[in-house]
Amino acid sequence: MYGPETIKRLIGQIAHEVGVALPSVRVTAAEPVLPSAFRIDLAAAASVGAMTAAVAAYAGAGEAGVDSRHAEIAFQSERHFLIGGTGIDPWAPLSGDYRTSDGWVRLHCNFAHHRDAALRALGLSPAAEAPQREDVAEACSRRTACEIEEAVTREGGCAAAMRSRQEWLTHPQAAAVAGSPLVGLRRIDAGRAGGRTGEIRGSGPRPLSGVRVLDLTRVIAGPVAGRALAAYGADVLRVGAAGLPEVPGLVVETAFGKRSCHVDLRAESEVLRELVRHADVVIQAYRPGTLRDRGFGPEDLARLRPGIVCVDISAYGSRGPWAARRGFDSLVQMATGLAHENGDGSRPHPLPAQVLDHASGYLAAFAATAGLLRRRAEGGSWHAEVSLAGTAQWLCALGPGDREQRAQAPMDDLQATMDSSFGTLTYVRPPGWIQGAEPYWASPPPRQGEHPAEWVTTTTRG
41 MYGPETIKRL
51 IGQIAHEVGV
61 ALPSVRVTAA
71 EPVLPSAFRI
81 DLAAAASVGA
91 MTAAVAAYAG
101 AGEAGVDSRH
111 AEIAFQSERH
121 FLIGGTGIDP
131 WAPLSGDYRT
141 SDGWVRLHCN
151 FAHHRDAALR
161 ALGLSPAAEA
171 PQREDVAEAC
181 SRRTACEIEE
191 AVTREGGCAA
201 AMRSRQEWLT
211 HPQAAAVAGS
221 PLVGLRRIDA
231 GRAGGRTGEI
241 RGSGPRPLSG
251 VRVLDLTRVI
261 AGPVAGRALA
271 AYGADVLRVG
281 AAGLPEVPGL
291 VVETAFGKRS
301 CHVDLRAESE
311 VLRELVRHAD
321 VVIQAYRPGT
331 LRDRGFGPED
341 LARLRPGIVC
351 VDISAYGSRG
361 PWAARRGFDS
371 LVQMATGLAH
381 ENGDGSRPHP
391 LPAQVLDHAS
401 GYLAAFAATA
411 GLLRRRAEGG
421 SWHAEVSLAG
431 TAQWLCALGP
441 GDREQRAQAP
451 MDDLQATMDS
461 SFGTLTYVRP
471 PGWIQGAEPY
481 WASPPPRQGE
491 HPAEWVTTTT
501 RG
């Protein structure tokens with residue numbers, strides 16, 4: 041078993057990579073909770089610990105700490121989430137793993153347009169009587185996994201063939217990922233230290249009081265990042281479009297502490313620009329290049345709002361042949377060999393949590409706070425990048441895990457309840473702590489589009 045010093049060392053490495061100094065972190069390390077071929081406990085404790093320590097550094101607060109058991113359970117937060125006593129099922133009927141003529145492929149069909157793309161690629165008509173899972177399975181069995189992966193991608197859908205780790209490491213995209221840091225952070229313009237020019241800085245009662253975060257994300261990784269910042273008092277405004285498909289339960293579970301507005305990026309681009317002009321952080325998880333093509337790339341945002349911190353989250357990174365490929369945690373697990381290595385190789389065996397999503401989310405929240413620290417010290421605008429594939433590479437480098445299945449210990453001490461417009465919510469409390477500034481969500485998840493597209497805070501710490 042690795043002890044607290046290993047987790048502290050990992051936190052130090054993450055901080056060093058982006059050029060920030062963090063306060064000491066008190067680590068409580070327990071036996072791994074989630075059985076896996078990989079060290080989920082280390083990834084959870086290090087990513088949560090780095091984010092927590094960065095917030096403590098930004099606030100000038102006291103000691104920061106992380107409990108590895110709490111961090112691991114937080115990586116399963118959507119699995120423990122209850123609405124009126126009932127859990128959520130995020131998976132659509134056709135999403136899942138299918139045997140092919142030479143192995144396995146995973147289809148992601150949670151959104152109707154992705155489902156229809158997969159059906160077209162398999163020669164099944166979305167317009168006909170709804171194809172059943174057995175129809176999809178039969179169509180997949182006649183083709184190779186890579187053929188299906190490419191056909192679905194060409195149609196605008198999401199799929200991944202199951203690869204071994206060795207197969208992934210010979211793929212051109214693996215080389216591109218290997219050449220990128222776990223968390224990339226670079227300055228994208230010059231400027232004086234101290235934050236917004238011409239504004240009076242103020243501090244509030246919580247570590248991130250006054251920090252304005254635009255959350256342009258959905259489906260776990262990005263939403264987790266915004267939710268983590270909201271737990272320390274940031275004003276997080278989640279921006280979506282009224283007609284954009286969502287995974288209903290997930291969009292609730294990841295929205296604690298946030299406000300939510302609707303903005304159509306095509307018809308209301310000036311509304312988004314006005315929000316950017318008064319923001320501190322923008323977190324976005326569109327495919328690389330998508331927002332840049334619409335005039336909202338990092339350099340564009342820096343011109344709108346000098347001093348902005350831009351955080352990009354992607355599936356496979358911003359470089360390489362798969363940079364623009366759609367992807368989700370379960371697909372990246374398949375493509376990068378995690379689902380293969382976590383079992384015996386005969387069929388996919390996914391990790392017991394959406395580890396890549398959650399770790400990337402906390403690393404993105406860390407990156408946002410590190411950008412604020414660098415802005416305060418050096419001035420300028422900052423651009424950070426995190427990818428699920430990069431997180432997968434890091435997870436593999438942490439060494440082999442403990443596959444032993446343990447009985448689930450009671451976790452009442454890690455849960456809380458909150459009333460909301462959806463009913464009574466049971467949720468996993470935010471992991472990590474700062475002395476004198478415990479994390480909590482001040483408001484329940486809102487209805488999507490419930491709030492106006494405007495800021496309610498007026499000051500920032502720096």
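For the sequence shown, the positions run 41 to 502 when our numbering is used.
Here a beta-carbon is modelled for each residue, glycine too, at the ideal position from N, C-alpha and C.
State the CB to CB distance for the pair residue i and residue j, rounded to an integer number of angstroms; the pair is presumed to be in contact (CB under 8 Å).
i: Val426; j: Ile353; result: 5 Å
i: Val321; j: Ile54; result: Actually they are not in contact, since the Cβ atoms of Val321 and Ile54 sit about 18 Å apart, beyond 8 Å.
i: Thr376; j: Trp495; result: That pair is no contact at about 38 Å.
i: Gly463; j: Gly124; result: 4 Å
i: Gly367; j: Leu428; result: 7 Å
i: Leu344; j: Val311; result: Not a contact, Cβ separation roughly 13 Å.
i: Ile323; j: Gly262; result: 6 Å
i: Asp229; j: Ser421; result: 5 Å
i: Pro440; j: Met202; result: Contact doesn't hold; Cβ gap of about 20 Å is too wide.
i: Glu418; j: Arg205; result: That pair is no contact at about 39 Å.
Of the choices the options, whose alpha-carbon is the least far from that of residue i?
i: Thr431; options: Trp144, Ala152, Asp369; result: Asp369
i: Glu293; options: Phe115, Trp144, Ala84; result: Phe115
i: Ala364; options: Thr126, Tyr326, Ala417; result: Tyr326
i: Met91; options: Arg443, Ser309, Ala158, Val106; result: Val106
i: Gln433; options: Pro288, Ser135, Leu62, Leu396; result: Leu396
i: Ile474; options: Ser87, Leu435, Arg66, Pro328; result: Arg66
i: Asp156; options: Arg487, Arg446, Ala191; result: Ala191
i: Pro133; options: Asn150, Arg194, Ser117; result: Asn150
i: Gly143; options: Met374, Gly283, Val60; result: Met374
i: Glu195; options: Ala161, Ala84, Tyr356; result: Ala161
i: Phe406; options: Leu284, Glu45, Ala167, Ala61; result: Ala61
i: Gly244; options: Gly219, Gly262, Asp275, Gly43; result: Asp275
i: Pro82; options: Asp442, Met451, Ala355; result: Residue identity differs from the one stated: residue 82 is Leu in this sequence, not Pro. Minimum Cα distance to Leu82 is reached at Asp442.
i: Gly59; options: Ala410, Ala199, Ser460, Thr210; result: Ala410
i: Ser220; options: Ser358, Arg334, Gly197; result: Ser358
i: Pro486; options: Ser460, Asp452, Arg469; result: Ser460
i: Phe336; options: Leu305, Tyr356, Val217; result: Leu305
i: Ala271; options: Val279, Ser249, Ile80, Gly283; result: Ser249
i: Glu57; options: Ala167, Arg226, Arg278; result: Arg226
i: Gln488; options: Leu435, Thr257, Arg173; result: Thr257
i: Trp131; options: Trp362, Leu465, Arg173; result: Arg173
Can you check whether the CB of residue j is closer than 8 Å to the CB of residue i?
i: Phe121; j: Leu438; result: no
i: Arg252; j: Ala342; result: no
i: Glu112; j: Val73; result: yes
i: Pro328; j: Ala101; result: no
i: Gln213; j: Gly360; result: yes
i: Gln455; j: Ile260; result: no
i: Val176; j: Leu164; result: yes
i: Ala477; j: Ala99; result: yes
i: Ala586; j: Ala424; result: Residue 586 falls outside the range modelled here, since the chain spans only 41 to 502, and no answer is possible.
i: Ala97; j: Leu413; result: yes
i: Pro63; j: Ala104; result: yes
i: Ala152; j: Pro338; result: no
i: Ala199; j: Ala170; result: no
i: Pro392; j: Pro75; result: yes
i: Ala404; j: Val468; result: no
i: Cys186; j: His491; result: no
i: His148; j: Pro471; result: no
i: Ile128; j: Gly89; result: no
i: Tyr402; j: Val217; result: no
i: Ala69; j: Ile47; result: yes
i: Val349; j: Arg278; result: no
Inset, instruction - Determine, using beta-carbon pairs with one atom in the stretch 297-316 and one in the stretch 252-271, whether at least three such pairs fall under 8 Å. - result: yes
Inset, instruction - Answer yes if the stretch 470-485 comes into contact with the stretch 279-290, meaning at least three C-beta pairs across the two stretches below 8 Å, and no otherwise. - result: no
Inset, instruction - Could you tell me whether the stretch 134-145 touches the stretch 172-190, using the rule of 3 or more Cβ pairs below 8 Å? - result: yes
Inset, instruction - Could I get the ranges of all uninterrupted beta strand (DSSP E) runs contained in the stretch 343-387, with 3 residues as the minimum, in chain order? - result: 349-354
Inset, instruction - Write down every uninterrupted run of the alpha helix (DSSP H) in the stretch 267-312 whose length is 4 residues or greater and which is fully enclosed by it, in chain order. - result: 288-293
Legend entry - beta strand (DSSP E) runs wholly inside the stretch 427-456, at least 3 long, in chain order: none
Inset, instruction - Starting from the N-terminal side, write out each stretch of the alpha helix (DSSP H) that is 4 residues or longer and does not extend beyond the stretch 127-176. - result: 152-161
Legend entry - Completely contained beta strand (DSSP E) runs for the stretch 76-124, where each covers 3 or more residues: 104-107
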